[in-house]
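Those letters in the sequence shown? Residues 1 to 222, by the UniProt record's numbering. Note that beta-carbon positions come from the ideal geometry of N, C-alpha and C, so glycine has one too. Inspection log for the structure reproduced underneath, given as structure tokens.
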Amino acid sequence: MKVAIADDDPIVCSSISTILVQLAHAAILWTANDGVGAVTCYAKQRPDVLLMDVQMPHMSGLEAATSILSNDAHAKILFLTTFADKQYIEQALAIGGRGYLIKQDVAAIVPAVQTVLSSGIVLGSEALSHLSIGTDDATQNVGNHVASRQADQSRSNPFANLTNREQRISALIAEGLDNRDIAQQLYLSEGTVRNRISDILAKLNLNNRTQLAIRWLHSQPR
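Shown next as structure tokens:
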């Protein structure tokens with residue numbers, strides 16, 4: 001896999017590069033030390049996965065990711081930072097980031113990159129714990145003010161009222177599968193999958209797949 005790294009600390013770029021090359025046999029296309037450099041480099045060479053820091057000079061990682069995703073909606077950006085700030089996490093997911101990982105969780109970097117490469121969504125344990133403080137607020141902010149009806153039930157077990165098939169679809173969405181892949185796995189038509197997803201979102205008062213994936217990840221034992 002081809003990976004790029006944007007971090008304002010060259011030592012961090014070097015260290016992460018070494019980890020990915022040695023443990024994941026990744027090819028490092030480029031590194032950048034600010035957001036402007038990340039946007040410029042991405043336009044020239046598009047990696048399979050881009051590891052992006054949040055706070056960088058000239059242009060933040062969130063701003064850089066927004067710019068990149070506006071030109072390439074399929075960009076796979078994994079935020080890797082020291083800041084486990086709830087607002088940063090929510091914003092990173094809202095703009096289309098595929099995950100949020102804290103740098104100190106070094107052992108999780110390789111599997112996280114591999115998960116994002118496979119179109120999965122990654123939330124490190126520390127990031128997830130911060131989102132867990134007010135789960136409803138987190139999912140609302142990601143999707144711009146989701147309705148909060150039945151909030152108490154959603155907090156205790158948001159998937160309690162779903163059928164087994166709907167729960168399975170929710171799990172597959174959290175793994176990053178698209179409608180075609182889900183249809184193949186469950187022997188359903190893509191139209192049926194779309195309808196089931198619409199039903200799930202309505203039952204959980206959510207607006208999109210990202211919110212659903214976050215809710216599913218929250219519901220799993222950690």
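CA-to-CA distance, residue j to residue i, given in whole angstroms
i	j	result
Ile16	Thr192	42 Å
Leu29	Thr163	44 Å
Gln167	Gly120	17 Å
Leu186	Ala94	29 Å
Gln153	His218	Residue confidence for Gln153 is low, a pLDDT of 39 falling below 50, so the modelled location carries little weight and cannot support an answer.
Leu20	Val110	6 Å
Val36	Leu117	24 Å
Ala24	Cys13	16 Å
Thr66	Gly96	8 Å
Met52	Ser198	32 Å
Ile214	Gln114	18 Å
Glu90	Tyr100	9 Å
Arg180	Ile173	11 Å
Coil, strand or helix - residue i by DSSP
i	result
Lys86	helix
Arg155	Because Arg155 carries a pLDDT of 48, less than 50, the predicted location of this residue cannot be relied on, and the following value inherits that uncertainty. Residue state, collapsed to three classes: helix.
Gly96	coil
Thr31	strand
Ala147	Bear in mind that a pLDDT of 34 at Ala147, under 50, signals an unreliable position, so the number given afterwards is only what the model happens to contain. Of the three classes helix, strand and coil, the one that applies to Ala147 here is coil, per DSSP.
Asp128	A quick correction: the sequence has Leu, not Asp, at residue 128. In the structure shown, Leu128 sits in a helix (DSSP, three-state: H, G or I).
Lys203	helix
Leu20	helix
Residue i, buried or exposed, once every other Cβ within 10 Å from all chains shown has been counted against 16
i	result
Ile11	exposed
Arg98	buried
Ala107	exposed
Lys44	exposed
Thr196	One detail in the question is off: residue 196 reads as Arg in this sequence, not Thr. Counting Cβ neighbours within 10 Å, Arg196 comes out buried, since at least 16 surround it.
Pro158	buried
Asp72	exposed
Ala32	buried
Closest Cα partner of residue i within the set the options
i	options	result
Leu188	Val3, Asp199, Ser198 and Ile169	Ile169
Leu177	Arg209, Leu204, Arg165 and Phe159	Arg209
Thr40	Glu63, Ala24 and Ala26	Glu63
Trp216	Lys86, Asn207, Leu78 and Ala171	Ala171
Ala92	Thr115, Ile68, Gln114 and Leu204	Ile68
Asp7	Gln55, Tyr42, Ala160 and Ala26	Gln55
Pro47	Leu204, Ile77, Glu90 and Thr18	Ile77
Residue(s) in a DSSP beta bridge with residue i
i	result
Ile197	For Ile197, which the question treats as bridged, DSSP gives no partner whatsoever.
Ile102	Thr81
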